[in-house]
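Below is one structure, written out as C-alpha cells; the observations come after it.
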RNA sequence: GGCGGCAUAGCCAAGUGGCUAAGGCGACGGUCUGCAAAACCGUUAUUCACCGGUUCGAAUCCGGUUGCCGCCUCCA
C-alpha cells in the first residue's frame, strides 16, 4: 500500500516516492510578515502540518521547513508608517504566528528560515542563474528573463502572450520584457539594503524561497506547499528560477491548499476582508477551528463562519465524548488486563485504523478519515452501552486509545484530556452536595446546584454509575 | 475577456464507471433519566444543478447550458 498525492504540476495523483532515502523534504511557503496572521495563513500551516504528521505516522522522517519572508515592500511601508524599523514589524508578526501556531497545535517546523538571514545564499543563487544566462542585470536590478525559460507559464497554465496582454508596465521599469520578474532590487532611498555584486539592494519576492528550500532540503525535494493563490506568480517563478539555476526538477509534489473564504469571498489582506486568528481564537476553541478545517479536503475552498464553528464543535464533542465515556467506563478495570484475541471490538478497531490509513494514503483525505473515526466512536459507545461484557474492558480502552492516536495523527486531540481536567475543590464540593440532594429527591435543590456548577463552567451528567463532570467548551 | 476549479439531503461533507450514494450537524419518533445531559435504536437524497451523448451500466466519462468561486496585480 502506498501513499498517493495530487501534484499540481502534473495535475494528477502520483505515487509518493521520496527523492532522498534519508528524509522527506517539505517546504511550506509561509507568511510575508507585514501583518498579523489570518486564518488563511494558518490553514496553509495546518494543511502542511497534517501532511507532515501523517507521513511521520507512516514511518517517514520529515524535514519540515516553514519560512518567513521578512524583506518586502509592504513591511517597509508599514515600518515607515509606524515610524519603527522593518525588523520590529517582522518580529512582531512572527511572534504572533508562533503564538497561534502553538494554540492550534501545529508541530514546530525543523527550521523557520527568514529571508533577511539568507542574503548570501540568495546572492549566490542569483549569480548562478545569471551565469547560466537566464537573468540579466539592469541598473542595479537583476531580472529573470522569462522568454529564455521555455516552460515558463506551464505550471499555472498560462501562455506568455496572454500574460503580456494584461501585463502592467510601470514607469521607470528596467525590464527587457514586462513579464520578467526581479531577483534582486536596487536599494531606494530609505530602504534596507545589503551589498551585492550589483550594488546595494535587496532580494526580490520569489528568490528567497528558492534559496532557502535548496539550502535546507537540497536542490530537489519532495513536497512544496502553500495557498492556491501562490500558484501564480510565486510558485511559477520559484520553479522557473530554481530549475534554471540547477537544471534539476525542483519540487516533486506541489500541494497548494484551497483558500479560506469569508461570507462567500476570499479573505484578503489588501481589501481588509479577513479575520485575524487573534480575533477568532478569542471566540472559538482552536481545536474546534482545526477540526472544522480538517473536515473538508485540503484542496477544496473552505468557508469560515461562526455558525459552522458551532456545528463543528458539536461534531468534535461526539468524538471526545466517546473517549470520555470509555475512560469513565473502564476507570476501575485492571490496567494490565489483556485484550483477548479475536474480540469483536478489537477487530472493529483494527478495521477502523485500516480504513483511516486508506483514506489518508489517498491524497490526505482527512474528511474521509474523520468519518472512520466517527464509526469507531459509535462502536465504542455501543460496547459501553452493552455494559462491557466480560473480557471486553481492555478492548474498550484500547479502542479509545486508538481513536485518540488517530485523531492526533490528523492534528486534533493534542491536549491530553485523560486526567479529565482537574476540578476545582469548590466544584467537587457542589457536586457532592447535589448528589445528596438527589438521594433525598430534593430535585429543585439539585437543579439549582447543577445551574450553579454550570455557571462555574462545568457540566454535570448523571450516569448510571454516578455523576460525570466535564468542562464546558465554547 | 483569457485560464482553472466547483455544483451531492435543511446545513456541512466523502464518494470520480457497477455491492444498500460514507460520516457529521440538525430534525422527528423510541429506549434510558426525577428532569436533563451523554449514549443507543429507527426515520430523514429512488437520487447527485440542468439538457443531451458514450456505455450492458454514470453522481462519476464526453459536449452544451446555468450558477458560484479562484487566478490573470501584493496575497496562505
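In my numbering, the protein residues as written are 6 to 479. Virtual Cβ for every residue (Gly too), placed ideally from N, Cα, C.
Residue pairing by DSSP places residue 230 opposite 33 and 260 in a beta bridge. Spatial neighbours of residue 407 in its own chain (CB-CB distance under 8 Å, excluding positions within 5 residues in sequence) are listed in chain order as 354, 357, 358 and 381. For residue 381, the enclosing alpha helix (DSSP H) starts and ends at 371 to 390. Three or more pairs of CB atoms, one per stretch, sit closer than 8 Å, so the region 197 to 214 contacts the region 130 to 148. Taken through DSSP and simplified to helix, strand or coil, residue 78 comes out as helix. One Cα belongs to residue 295, the other to residue 249, and the distance between them is close to 38 Å. Inter-residue distance for residue 56 and residue 365 is about 9 Å (C-alpha atoms, whole angstroms). Closest in alpha carbon position to residue 13, among 263, 301 and 147, is 263.
If you look at residue 104, you'll find it in the alpha helix (DSSP H) that goes 91 to 108. Between residue 291 and residue 109, the C-beta spacing is below 9 Å. Counting along the chain, residue 10 sits inside the beta strand (DSSP E) bounded by residues 9 to 12.
Around the beta-carbon of residue 412, 16 or more other beta-carbon atoms lie within 10 Å, marking it buried.
For residue 324 against residue 361, the beta-carbon gap comes to about 13 Å, at or over 8 Å, which does not count as contact. Under the 10 Å beta carbon count, residue 227 is surrounded by 16 or more other beta carbons and is classified as buried. The C-beta of residue 330 has 16 or more other C-beta atoms within 10 Å across all chains shown, which makes the residue buried. Nearest to residue 112 by alpha-carbon distance, out of 69, 166 and 328, is 69. Taken through DSSP and simplified to helix, strand or coil, residue 169 comes out as helix. The alpha-carbon separation between residue 266 and residue 311 amounts to approximately 13 Å. Around the beta carbon of residue 448, fewer than 16 other beta carbons lie within 10 angstroms, which makes this residue exposed.
Looking at the DSSP output, residue 278 shares a beta bridge with 273. Boundaries of the beta strand (DSSP E) harbouring residue 471: 471 to 476, taken from the DSSP string.
With fewer than 16 other beta carbons inside 10 angstroms of its own, residue 90 counts as exposed. Contact annotation: residue 21 and residue 33 have beta-carbon atoms that are not nearer than 9 Å. Residue 461 sits exposed, since fewer than 16 C-beta atoms from the chains shown fall within 10 Å of its C-beta. Taking C-beta atoms as the reference points, residue 98 and residue 147 fail to come closer than 9 Å.
Of the residues 336, 345 and 293, the one whose Cα lies closest to the Cα of residue 320 is 293.
Residue pairing by DSSP puts residue 266 in a beta bridge opposite 271 and 308. The beta carbon of residue 191 sits closer than 8 Å to the beta carbons of 144, 145, 146, 203, 204, 205 and 206 from its chain, once the five residues preceding and following it are set aside; these are given in chain order. Contact between residue 149 and residue 216 is ruled out by a C-beta separation of about 14 Å, above the 8 Å threshold. If you look at residue 208, you'll find it in the beta strand (DSSP E) that goes 206 to 208. Taking every protein chain shown into account, the CB of residue 268 has fewer than 16 other CB atoms within 10 angstroms, so this residue is exposed. For residue 448, the enclosing alpha helix (DSSP H) begins and ends at 448 to 460. Residue 147: member of the beta strand (DSSP E) spanning 146 to 149, first to last residue. Secondary structure at residue 324: helix, using DSSP grouped into helix, strand and coil. For a cut-off of 8 Å, the C-beta gap from residue 238 to residue 76 is around 18 Å, too long to register as a contact.
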